[in-house]
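J.: Shown below is the structure under consideration.
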Amino acid sequence: MKKHFIHSENGSEIFWQIEISGLSLILSFGKIGNTIGKRSIRNFKTREECFKEFQKLIDQKSILGFKESDRVPPFKALSGNADYLTTWNAVLEAPDRKKALRSHFEILTETEECAAVLDQIVSKIEDIYIENDQFVFTLPWHYDEETKVHIRWNAPYIGRIHSSVPHSMAKFASVFNGVSFHNDNDDFATLYVEGIRVYGKKPPESQETEVGKKRF
């Protein structure tokens, strides 16, 4: 759920946006023309607490004169890197692969909790490689260290991402457009997170894509 508000102040317009993503609130604000602006994230223990704060903040902004608006910026200022293979190979060729891997994944660690999880995963990694246009790393399974888990990250989404896609998902897809988890040599994933898909004819890479969809 996402709501967008506009407020006129000192001759200029500013926006404020609030979005529920799981048990978190993603808050964005800034001057019109900056589609992302400054952002902050608040985490909650329950869905009820999150929604209660969601409504409370909307009420506070309404009192200050913010008006809900359909005039949402048409595109996120995010797009995948078409030269992603060069970036991936730079990680593989780095003197300290794990340090390079942490740096590459920093864009996905918006909270201290996410950063801590990344550190735990990276510390366990035994191998990193590129296969079938996927960035793969291998680590032991939590319950059985002899069984290996292969985490396969898809190539980034190439194209500008429509604003109907939540910012957290858009940010993820601009780095890795989907990820799957495989035990040992299983062809079928035990867990798969699909990224953004385009329905219909695939547009040229230079064309702006206006249809985005996520599925879990």
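Taking the UniProt record's numbering, the leading residue of the sequence shown gets 1, the next gets one more, and so forth. Note that the Cβ used here is the ideal one computed from N, Cα and C, for glycine as well.
Could you tell me which residues DSSP pairs with Arg-197 in its beta bridges?
T.: For Arg-197, which the question treats as bridged, DSSP gives no partner whatsoever.
J.: Leaving aside the five residues before and after Trp-141 along the sequence, list all residues of the same chain whose C-beta is less than 8 Å from its C-beta, in chain order.
T.: Within the same chain, Trp-141 has close Cβ partners Thr-147, Lys-148, Val-149, Asn-183.
J.: Note down the Cα distance separating Glu-49 from Glu-131, rounded to an integer number of angstroms.
T.: When rounded, the distance between both Cα atoms is 43 Å.
J.: Considering Cα atoms alone, identify which of Ala-82, Glu-126, Asp-83, Gly-80 is closest to Leu-101.
T.: Of the listed residues, the one whose Cα sits closest to Leu-101 is Glu-126.
J.: Quick one: using the 10 Å Cβ neighbour count with 16 as the cut-off for buried, is residue 237 buried or exposed?
T.: This structure cannot settle anything about residue 237, because the visible part of the chain is limited to 1 through 216.
J.: For Asn-43, is the classification buried or exposed, using 16 other Cβ atoms within 10 angstroms of its Cβ as the cut-off for buried?
T.: So Asn-43 counts as exposed.
J.: Among the residues of its own chain, which have a CB less than 7 Å from the CB of Arg-152, if the five just before and after it don't count?
T.: Gln-134, Val-136, Val-179, Ser-180, His-182, listed in sequence order.
J.: Rounded to the nearest angstrom, how far is the Cβ of Ile-58 from that of Ile-18, given a contact under 8 Å?
T.: Confirmed, Cβ separation roughly 7 Å.
J.: Buried or exposed: which applies to Met-1, given that a residue is buried once 16 or more other Cβ atoms fall within 10 Å of its Cβ?
T.: Burial call: exposed.
J.: If we count Cβ pairs, one from each stretch, closer than 8 Å, do we get three or more for the stretch 153-161 versus the stretch 78-88?
T.: Touching, yes.
J.: So, at 7 Å on beta carbons, what are the nonlocal neighbours of Ala-189 in its own chain, with the 5 sequence-adjacent residues on each side left out?
T.: Ser-180, Phe-181, His-182.
J.: Measure the alpha-carbon distance for Arg-215 versus Asp-187 and round it to whole angstroms.
T.: With a pLDDT of 26 at Arg-215, under the threshold of 50, the modelled position of that residue is not reliable, and the figure given next carries that caveat. The straight-line gap from Cα to Cα measures roughly 20 Å.
J.: Taking DSSP as the reference, what is the three-state secondary structure of Thr-86?
T.: Helix at Thr-86.
J.: Report the option in Ile-14, Leu-191, Tyr-192, Val-193 whose CA atom is closest to the CA atom of Gly-65.
T.: Out of Ile-14, Leu-191, Tyr-192, Val-193, Ile-14 has the C-alpha closest to the C-alpha of Gly-65.
J.: Mind checking who Phe-39 pairs with in its DSSP beta bridge?
T.: The sequence given here has Arg at residue 39, not Phe. Looking at the DSSP assignment, Arg-39 forms a beta bridge with Ser-28.
J.: If we count the other Cβ atoms within 10 Å of its Cβ and call it buried at 16 or more, is Glu-205 buried or exposed?
T.: No answer about Glu-205 holds up, because its pLDDT of 44 lies below 50 and its placement is not dependable.
J.: Looking at the strands, I want to know which residues DSSP matches up with Glu-97.
T.: Checking the sequence, you will find Arg at residue 97 rather than Glu. Answer by DSSP bridge pairing: none, since Arg-97 is not bridged.
J.: What are the boundary residues of the alpha helix (DSSP H) that Leu-57 is part of?
T.: Here the alpha helix (DSSP H) through Leu-57 covers 47-63.
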